[in-house]
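Chemist: Residue numbers (my numbering): 55 to 148. Positions of the beta carbon are idealized from the N, C-alpha and C atoms, including for glycine. Remember, it's a predicted structure, so these values are computed and weren't measured experimentally.
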Amino acid sequence: LAQKSNLFVDLFCKKEVVNKAHGEKFKCHIEAHAPWLHKKIYVQATGDECWETTTASTALMKRKLFSQKKSNHRRKARADWSVTEDSNDQDYVI
């Protein structure tokens with residue numbers, strides 16, 4: 055991801071009370087958007103501690119960004135393959 059530019063990430067963490075029995079939980083939301091992404095990517099994680107919750111949500115975001123990167127490469131490879139395949143098709147007349 056270091057080679058890609060214009061990646062914008064919005065991170066929101068908040069403490070909320072789920073119920074009195076479980077006490078307080080932290081919730082972290084991350085949204086990433088960039089011109090090279092087809093759509094915004096959104097993840098969230100919930101946990102007992104703020105830092106662990108933030109780390110878990112960033113790991114989810116990293117996985118989603120890399121899967122998006124793989125799908126972009128596959129899409130480009132398929133497009134390149136279909137272009138080269140069509141250009142090599144020739145009709146031979148005897």
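1) Determine which residues share a DSSP beta bridge with L65 and list them.
2) If you count every other CB in all the chains shown that lies within 10 Å of the CB of A113, and 16 or more means buried, which is it?
3) Take every Cβ of the stretch 99-108, pair it with every Cβ of the stretch 118-125, and state whether three or more of those distances are shorter than 8 Å.
4) Comparing C-alpha positions only, which one of D102, K74, P89, S121 sits nearest to C67?
5) Tell me the rounded alpha-carbon separation between A86 and T100.
6) Apart from the five residues just before and just after L91, which ones in its own chain have a Cβ nearer than 7 Å to its Cβ?
7) Within its chain, find whatever has a CB closer than 6 Å to the CB of I95; leave out the 5 residues flanking it on each side and keep chain order.
Modeler: Taking the geometry as given:
1) Looking at the DSSP output, L65 bridges to I84.
2) So A113 ends up on the exposed side.
3) With the cut-off at 8 Å, the stretch 99-108 and the stretch 118-125 do not touch.
4) The option with the nearest alpha carbon to C67 is D102.
5) Rounded to whole angstroms, A86 to T100 spans 18 Å at the Cα level.
6) For L91, the CB contacts under 7 Å within the same chain, skipping 5 residues up- and downstream, are Q122 in chain order.
7) These residues qualify, in order along the chain: A86, K118.
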